[in-house]
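First the structure, in the form of structure tokens, and then the observations on it.
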Amino acid sequence: MQVEKVEFYPREELERIINKNYGAKIDLRDYVILLGKENKIWICSKKIFEVDLKKLKVNSFGLYFGKIKRNEKIHLSPEGAQIVGKNAVRNVLELSKDEARKFMEGSDLKIKIPESCEPHNFVILKRGDDILGCSLALEDGIKNLLPKSRRIISSFKK
Numbered sequence: 016m017q018v019e020k021v022e023f024y025p026r027e028e029l030e031r032i033i034n035k036n037y038g039a040k041i042d043l044r045d046y047v048i049l050l051g052k053e054n055k056i057w058i059c060s061k062k063i064f065e066v067d068l069k070k071l072k073v074n075s076f077g078l079y080f081g082k083i084k085r086n087e088k089i090h091l092s093p094e095g096a097q098i099v100g101k102n103a104v105r106n107v108l109e110l111s112k113d114e115a116r117k118f119m120e121g122s123d124l125k126i127k128i129p130e131s132c133e134p135h136n137f138v139i140l141k142r143g144d145d146i147l148g149c150s151l152a153l154e155d156g157i158k159n160l161l162p163k164s165r166r167i168i169s170s171f172k173k
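Here the sequence shown stands for residues 16 to 173, numbered as in the working numbering.
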């Protein structure tokens, strides 16, 4: 994260929000939770404080985990989705091979949302054991929120 303005975010609060939204019990005791601009959550090892940062030119540190939204919703980054998705039991959507390809190319998905996924909440998208990311579930499908820099563009037509 950018080292300009940093606040600590309560670990227990983040674990509670993750459990509420995804039914995942994760342990973040070994990490420092930082809140940046626009409610962005970053996590980094507690070992970062063993280093004298004043002697270094630090541009950023930590892993971007996600963004806290209103009503205690959390939009996970692709890395955050991979951390949480291993244990998530709620708001997880399994995609077919074709749906996964369309999602990774940046398309919205017109699919039926199962009852285990709450409409107007963020869902973790999976294909088998692979966690693809986190996007928004709507009544008529999935709104793709995968950053453009993470999309995979096919170089040939099928």
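Yeah, the Cβ is synthetic: ideal placement off N, Cα and C, and Gly gets one too. It should be emphasised that the depicted structure is a prediction, and the values quoted were computed from it without experimental measurement.
Where residue i falls, given that 16 or more other Cβ within 10 Å makes a residue buried
i	result
Ser150	buried
Ile168	exposed
Val73	exposed
Leu71	exposed
Phe171	In this predicted model, Phe171 has a pLDDT of only 49, less than 50, meaning its place in the structure is not dependable enough to derive any value.
Leu68	exposed
Gly148	buried
Gly143	exposed
Opposing strand residues paired with residue i [DSSP bridges]
i	result
Phe23	Leu49
Arg145	A small fix is needed here, since residue 145 is Asp in this sequence, not Arg. Looking at the DSSP assignment, Asp145 forms a beta bridge with Arg142.
Tyr37	In the DSSP output, where bridge partners are listed per residue, Tyr37 has none listed.
Pair within 9 Å by beta-carbon distance, residue i and residue j
i	j	result
Cys59	Gly81	no
Lys89	Ile146	Reading the sequence as shown, one finds Ile at residue 89 and not Lys. Not a contact, by the Cβ cut-off of 9 Å.
Leu110	Val99	no
Ala152	Ile128	yes
Lys112	Asp155	no
Ile48	Gly95	no
Whole-Å CB distance - residue i paired with residue j, under 8 Å assumed
i	j	result
Val138	Leu108	5 Å
Arg166	Pro93	Not a contact, Cβ separation roughly 11 Å.
Item to check | Completely contained alpha helix (DSSP H) runs for the segment 87–126, where each covers 4 or more residues | outcome: 93–100 and 112–120
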